[in-house]
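Number of protein chains: 2
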Amino acid sequence: MSTHMDKDATKNEAPAYQTNFSQGMFMSAVEEKIARVLGEELPTGCEKPEVLIEAARHLCLAKGAKRIRPRLVSLYGEAMEISPLELLDISVAAEMIHAASLLHDDVVDESSLRRGLETVNCKWGNKVAVLAGDLVLSLGFILLNKYTPNIHRTAVRVVDAMTRAAMLEVQARGCLDFKLDGWYFIAEGKTAKLFSWCGQAVGFYVGDEEIAARFEKCGKHLGIAFQMADDLRDLQGSDPGKERFSDIRNFNPSFPILKAASINSDLHQEISQSWKSAELSQDEVTRLGEAVLRTGVADITIEALELEIKQAIDALGPYQDAQGTMEIVNWTKLLLGSVK
Amino acid sequence: MSTHMDKDATKNEAPAYQTNFSQGMFMSAVEEKIARVLGEELPTGCEKPEVLIEAARHLCLAKGAKRIRPRLVSLYGEAMEISPLELLDISVAAEMIHAASLLHDDVVDESSLRRGLETVNCKWGNKVAVLAGDLVLSLGFILLNKYTPNIHRTAVRVVDAMTRAAMLEVQARGCLDFKLDGWYFIAEGKTAKLFSWCGQAVGFYVGDEEIAARFEKCGKHLGIAFQMADDLRDLQGSDPGKERFSDIRNFNPSFPILKAASINSDLHQEISQSWKSAELSQDEVTRLGEAVLRTGVADITIEALELEIKQAIDALGPYQDAQGTMEIVNWTKLLLGSVK
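In structure tokens form, the structure reads like this:
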């Protein structure tokens, strides 16, 4: 098994997974920790329920939560041969930074469903959702207080990038002339930066700047790949429980839509025209979505996706075969499989 | 002039103010820095204005901004005989943490006016206001990256307290049985914690935990005093440009209103009854406001205010007479004068 010290170790077949560490145990610890951080009573001096904490728990403890970011942290930790429990608070902080962004994004997008449940803004209103997001973010940052300063310093920069990307995403709606570097800016801010930080923080934790940079780079391409796949699955209608062509319907210039519009100027014209309306009919949405696919953008997107995946794996270097990070490699295969 | 080394120095008359430091210069530096931090272009890849930055600047650079928090930081810094310019980023961070809370509070309270201008939520909508608050907060935290970790670690705890207080304030509306310790919780979270941090951060900067604790305590009582005075001025109608009795109108259980209701059970009944309506007429608001004052709560509030001020000044200890912190003492006199 590769370690961060013997970088010249021969590539082995993954050994039988015989350690004390169990992903299951770790993820349980994550759930417990989130519940505990959000379990603190809010003194009110008034007979009213602790709505802020209740709302935060509603989102953060929803069964639909995939906990991708804590998993990433634990996988990088495994590769470093440290007990992921040492990284528990980094993992939970990552999840809370993510949750805070969801709470605010749902206010911004006026969404009604999240993780299979009513959104906080729907159930309790915008006031609660805004403040719940602020609370969850603060609590996430507080968890980082125990680690070296580089960890929180990079975390605040991630939130800055996420916020700017969220705003650009709002501004880009309906904008078919939105340049591709704007799409990347959003994908990086929205997803990739936090994925990056998950690995970078682990590198900082073990005190190895080179590893921090390596894992940061891996996370960046992983995040972009994640977004590309997400965009494509929307066109393919392969996400269960999600409405197909929702990017068309919601005027979101996704990666494949932007590509299709740049390939076919008639289609560009058609979508632009449609996107001037306040709302599109189901028929129009389907027609446009199918037209987008007919340009061949699925293959173009898959090609771009494969490139991002390759870059993510290359960034891992010798850790492609390490316990933990090899799971990230496996995950990219699943990601590709979800669109091919 | 007292220094933090010769604590037994004789109390002197304040010497003629002959230093290179000028409050005016420092406040100009603060304005410049805020403008610079918020001057960064947001790449869009799309021909749309940088609304997020524009909104942030609208609030942060409003002429009506009093910059109390940067001033506090500089005054503590003066007492430490350090160039306040070394504390510029702490000052600006304090202002940005404050501004971020205003951006979100205005969404939560659906306010339309702030610092003499239309609120961001009014002018650009809640989406922009929520994200502008997130951005300004991140940028504030990023400014703290250069200092020792205790400074940002305490800052994140302040934001946590501010958020909880903001939520409690929402929940407490209309609640006349709201206990006084709930009022203190709000006053501490809303105002006192950040005032505290302004001084504590300076203590951390000079590496003196005792001073940090002293200035923190001063700020706590200062902030509570500030809120009490604010509440009383609302009843007295002595804030120019602010509508009198707005706490009555908006169902806010302010300090004097809570006191009045606890003194006079008939009045308690009356206000409780009125507060069940969706809206109060001007006549009713005036009637109730004057009834509150007739209970003698102005004197009760002033007494409580004087106690907070005394505790704030006592906390300063030998720094009551130091250049910089003596201005804080002077300011408490002005605060008291604003309600007497």
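Note that the protein sequences, when read in sequence, are chains W and R.
Letter by letter, the first sequence follows residues 5 to 344 of the working numbering.
Letter by letter, the second sequence follows residues 5 to 344 of the working numbering.
In this text, a Cβ means the ideal position worked out from N, Cα and C, and glycines have one as well.
Bear in mind the structure is a predicted one, so any value in this text is a computation, not a measurement.
From the DSSP output, in three-state form, read off arginine 177/R for me.
coil
Close Cβ partners of alanine 331/W (< 7 Å) along its chain, the five nearest in sequence each way excluded
Sequence check: residue 331/W is glutamate here, not alanine. For glutamate 331/W, where only same-chain residues beyond five positions count, the Cβ hits under 7 Å are Leu79.
Per DSSP, which residues does leucine 1/R bridge with? Please list them.
Lying before the first or after the last residue shown, residue 1/R is absent from chain R, which here runs from 5 to 344.
In whole angstroms, give me the CA-to-CA distance for isoleucine 306/W and proline 260/W.
10 Å
Measure from the C-beta of leucine 56/R to each C-beta in chain W and report whether the shortest distance is under 8 Å.
yes
Counting beta carbon pairs with one atom in the stretch 24–33 of chain W and one in the stretch 140–157 of chain R, are three or more of them shorter than 8 Å?
no
Can you list the residues of chain R that serine 266/W reaches, using a CB-CB cut of under 8 Å?
Those do not exist, as serine 266/W stays about 13 Å from chain R at its closest Cβ, beyond 8 Å.
Using the beta-carbon of each residue, which ones in chain W are nearer than 8 Å to histidine 108/R?
Val134, Leu135, Asp138
Nearest-angstrom beta carbon gap, leucine 76/W and isoleucine 57/W [assumed within contact, 8 Å]:
Not really, about 27 Å apart at Cβ, beyond 8 Å.
Cβ neighbour criterion (16 or more within 10 Å) applied to lysine 224/W
buried
Run through DSSP, which three-state label would serine 87/W get?
coil
Taking C-beta to C-beta, are leucine 226/W and arginine 73/W nearer than 8 Å?
no
Between the stretch 172–189 of chain W and chain R, which residues of the former have CB atoms less than 9 Å from a CB of the latter, in chain order?
Leu172, Val174, Gln175, Ala176, Cys179, Asp181, Phe182, Lys183, Leu184, Asp185, Gly186, Trp187, Tyr188, Phe189
Taking 8 Å as the CB-CB cut-off, is aspartate 251/R touching chain W?
no
Is the Cβ of valine 111/R closer than 8 Å to any Cβ of chain W?
yes
So, at 6 Å on beta carbons, what are the nonlocal neighbours of alanine 191/W in its own chain, with the 5 sequence-adjacent residues on each side left out?
Ile228, Gln231
With three or more beta-carbon pairs closer than 8 Å as the criterion, would you say the stretch 206–225 of chain W touches the stretch 312–331 of chain W?
yes
Can you pull the chain R neighbours of leucine 143/W, defined as C-beta to C-beta under 7 Å?
Asp164
In whole angstroms, give me the CA-to-CA distance for lysine 131/R and glycine 300/R.
44 Å
Using the Cα positions of threonine 290/W and histidine 272/W, report the straight-line distance between them to the nearest angstrom.
16 Å
If you draw a straight line from the alpha carbon of glutamate 294/W to that of proline 257/W, how long is it in whole angstroms?
15 Å
Just the chain W side, please: which residues come within less than 7 Å of lysine 131/R by C-beta, in chain order?
Val112, Val174
Less than 6 Å between C-beta atoms, sequence neighbours within five positions excluded: which residues of the same chain meet that for alanine 217/W?
none
Expressed to the nearest angstrom, what Euclidean distance is found between the alpha-carbon atoms of leucine 117/R and glycine 68/R?
11 Å
Members of the stretch 222–237 of chain R near chain W, C-beta cut-off 9 Å
none
Would you identify the three-state DSSP class for tyrosine 188/W, choosing helix, strand or coil?
helix
Can you pull out the residues from the stretch 147–160 of chain W whose beta carbon lies closer than 7 Å to at least one beta carbon of chain R?
Asn149, Pro153, His156, Arg157, Val160
Grouping DSSP H, G and I as helix and E and B as strand, with all else coil, what is tryptophan 201/W?
helix
Within 10 angstroms of the Cβ of lysine 70/W, are there 16 or more other Cβ atoms? Answer buried if so, exposed if not.
exposed
Spatial neighbours of leucine 172/W in its chain, beta-carbon cut-off 8 Å, leaving aside the 5 residues before and after
Gly186, Phe189, Ile190, Gly193
Considering only the alpha carbon of each residue, which of Asp212/R, Gly245/R, Asp325/R, Ser115/R lies closest to alanine 133/R?
Ser115/R
Please report the Cβ distance between threonine 158/W and tryptophan 201/W, rounded to the nearest whole angstrom; I am assuming they are in contact, meaning their Cβ atoms lie under 8 Å.
6 Å
Taking 7 Å as the limit between beta carbons, can you name the residues of its chain near glycine 49/R, skipping five residues before and five after?
Residue placement at glycine 49/R cannot be trusted, given a pLDDT of 47 that sits under 50; what the coordinates show is reported in the next sentence. So no residue of the chain qualifies.
How about histidine 156/W and histidine 156/R: are their beta carbons less than 8 Å apart?
yes
If we define contact as Cβ-Cβ less than 8 Å, is lysine 337/W a contact residue for chain R?
no
Just to confirm my understanding: we take tryptophan 279/R, look at its own chain, exclude 5 residues before and 5 after, and list those with CB closer than 7 Å. What are they?
Gly178, Leu180, Phe255
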